[in-house]
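Encoded as structure tokens, the structure appears first; notes follow it.
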Amino acid sequence: MAQTLKFGNKVWAAKEESVLAYNDINNNYKPLPFFFKRTSIGTRVNKDGLIETMGQDIARIDYSDSADGVLLLEPQRTNVLLQSNQFDTTWTNSNASVTSGQSGIYNTTDAWKLEATGGSGSQHIVQSIVTSGSSTYSIYVKAGTTDWVALRVTGSPTSYLVWFDLTNGLVGENQNAIKTSIKLVGNGWYHCCIEINSTTDNVFVYLATGSGLANLNTTVGDNIYIQNAQLEAGSYPTSYIPTSGSSVTRATETCNNSGNSEVFNDSEGVLFADIAALVNDNNFKAISVSDSSTSDRITLSLYQSSLYAYIAAGGVGQFNVSQAVNSIFQYHKIAIKYKTNNCAFWVNGFEVATDISATMPSGLIELAFDKGDGNDDLYGKTKELGYYDTALTDLELETLTSYRNWVSMVNELNLNIIYNG
71 MAQTLKFGNK VWAAKEESVL AYNDINNNYK PLPFFFKRTS IGTRVNKDGL
121 IETMGQDIAR IDYSDSADGV LLLEPQRTNV LLQSNQFDTT WTNSNASVTS
171 GQSGIYNTTD AWKLEATGGS GSQHIVQSIV TSGSSTYSIY VKAGTTDWVA
221 LRVTGSPTSY LVWFDLTNGL VGENQNAIKT SIKLVGNGWY HCCIEINSTT
271 DNVFVYLATG SGLANLNTTV GDNIYIQNAQ LEAGSYPTSY IPTSGSSVTR
321 ATETCNNSGN SEVFNDSEGV LFADIAALVN DNNFKAISVS DSSTSDRITL
371 SLYQSSLYAY IAAGGVGQFN VSQAVNSIFQ YHKIAIKYKT NNCAFWVNGF
421 EVATDISATM PSGLIELAFD KGDGNDDLYG KTKELGYYDT ALTDLELETL
471 TSYRNWVSMV NELNLNIIYN G
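Heads up: the sequence shown runs through residues 71 to 491, numbered per this note's numbering.
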């Protein structure tokens, strides 16, 4: 078998407007870079576990949930909070104090301690901000002497209030929020998020002793730790966008135009990906080898709770199959084999669909993180892509899409506990 294009798999290289894919047949290295675009800065967690700002048009290889690194691609988002991590400025304290210089997420030292100082009523901080429509409010929080935090957004026609258990990683009482989530990010820190859909005027962080309104009054000295607040238009949280006095926008990211007609074989081949989605919504998230349109293409995509394989030739669908999965937020190893009257879809070591009556596309010239025409961009995380210019055997496809051992399978599926013996 000839793997004519490799990308990722622990090997990463990027510069402005370029992230490297390559061909290394016979140990002759040939660059096949993707053209990458993001007209703003962006943040990532680097290999040393530190939050790092990446310059304009520099691809983000992120290590927040993988020691091997992943290509992170996200849509445009704006953090509208005027101060995302300076809680003694545009944030107002009520019966509480904030202290900077605390140990934070990802080995940072710019977290804050939020501490109750007494007084009548609840203990909280608040920032006044006006937004409208679907938004996500998120913040990193760690338990201190108390194990609970409550996030509140006031607005019209609805206000929202959600409690989070910072010891067990659970969502408590939820008043009106459309969606909520709490995710452990390490060292006791949780990323707490609520989705809202209304005009907002204030966002709050409350100290709490449990779930429910009766637990919003803490005692002097009760404390938690907070860091990196974000309020962004959209139905799910994205990577941190720091602000300091005004809102900041991270531009959309595109990654396309790798390879050429010499790399791709019109008559047969295999496209492989190890990928995960950032959100489960009503949009396809695609990777394709195509003629730079949707007329002739080989496509792998994520959509809602399923993985898809698709082939089009001359604008006519030839192979269109899907496989339901528990979560598209987990990494999946997927491959599509194409050959006249011999197509197959493989998912995590299993052949899940075949077709023995398919015509092949022509004019394949480009690999891109979209469906071929610049639409259905893959906003997600990619560990590895591979292209083979021959139709691999079943044994080769099983090996390609399987995990090498128990530990690697558990780690790649982002499971937290390994039970082994």
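Don't be surprised by glycine CBs; every beta carbon is placed ideally from N, CA and C. Computed from a prediction, not measured in an experiment: that's the story for all the values here.
Buried versus exposed, by CB contacts within 10 Å (16 or more), residue i
i: L448; result: buried
i: P431; result: buried
i: V290; result: exposed
i: G189; result: exposed
i: Q197; result: buried
i: W161; result: buried
i: D464; result: exposed
i: I426; result: exposed
i: N418; result: buried
i: F104; result: buried
i: R474; result: exposed
i: R320; result: buried
i: A343; result: buried
i: T123; result: exposed
i: K453; result: buried
i: K451; result: buried
i: A137; result: exposed
i: A394; result: exposed
i: L240; result: exposed
Neighbourhood of residue i by C-beta, 8 Å cutoff - its chain only, sequence neighbours within 5 removed
i: A72; result: I95, Y458, D459, T460
i: N293; result: K183, L184, E185, A186, G214, T215, T216, L277
i: N98; result: none
Proximity winner among the options, relative to residue i (alpha-carbon distances)
i: S204; options: N412, A346, P307; result: P307
i: L470; options: N390, W416, Q400, N272; result: W416
i: V223; options: I311, G433, T216, L151; result: L151
i: K441; options: Q126, D235, K355, S317; result: K355
i: S192; options: S309, L221, G456; result: L221
i: N287; options: E454, P312, N165, V318; result: N165
i: K100; options: W259, T113, F77, I111; result: F77
i: A382; options: S375, S309, A303, A428; result: A428
i: G333; options: Y133, S314, S360; result: It is Val, not Gly, that sits at residue 333 in the sequence shown. It is S360.
Reduced DSSP secondary structure (H/G/I, E/B, other) of residue i
i: V89; result: strand
i: V477; result: helix
i: L283; result: helix
i: T74; result: strand
i: N163; result: strand
i: T187; result: coil
i: E466; result: helix
i: T471; result: helix
i: Y260; result: strand
i: N350; result: coil
i: I488; result: Caution is warranted here: a pLDDT of 48 is assigned to I488, below 50, making its placement in the model unreliable, and no coordinate value can be reported.
i: K80; result: coil
i: Y449; result: coil
i: Y133; result: coil
i: N149; result: strand
7 Å Cβ shell around residue i - same chain, five flanking residues per side excluded
i: N490; result: Because N490 sits at a pLDDT of 45, beneath the cut-off of 50, its placement in the model cannot be relied upon, and the point is left open.
i: N163; result: I195
i: I488; result: Residue placement at I488 is poorly supported in this model, since its pLDDT is 48, which falls under 50; the coordinates still yield a value, given next. Answer for I488: V477, V480, listed in chain order.
i: S363; result: G442, D443
Cut-off 6 Å between Cβ atoms - residues of its own chain near residue i, not counting five sequence neighbours on either side
i: T269; result: S202, G225, S226
i: W82; result: I131, G139
i: N246; result: T228, Y230
i: A129; result: A84, V89, F106
i: D158; result: V168
i: V232; result: L221, N244, A247, T250, I264
Distance cut-off 7 Å: residue i Cβ against heavy atoms of the ligand FAD
i: K355; result: What this structure holds is no ligand at all, so the ligand FAD is not there to describe.
is_contact[residue i, chain D] using C-beta, thresh 8 Å
i: A346; result: Protein chain content of the structure displayed is limited to a single chain, and chain D is not contained in it.
*Between the stretch 81-92 and the stretch 349-358, do three or more beta carbon pairs fall short of 8 Å?*
no
_Tell me whether the stretch 278-285 and the stretch 114-123 touch, counting them as touching only if at least three CB pairs, one residue from each stretch, are closer than 8 Å._
no
*Would you check if there are 3 or more beta carbon pairs closer than 8 Å linking the stretch 292-299 to the stretch 173-189?*
yes
*Count the CB pairs spanning the stretch 335-342 and the stretch 402-417 that are closer than 8 Å, and state whether there are at least three.*
yes
*Taking one C-beta from the stretch 141-156 and one from the stretch 316-331 each time, how about it: are there three or more such pairs within less than 8 Å?*
yes
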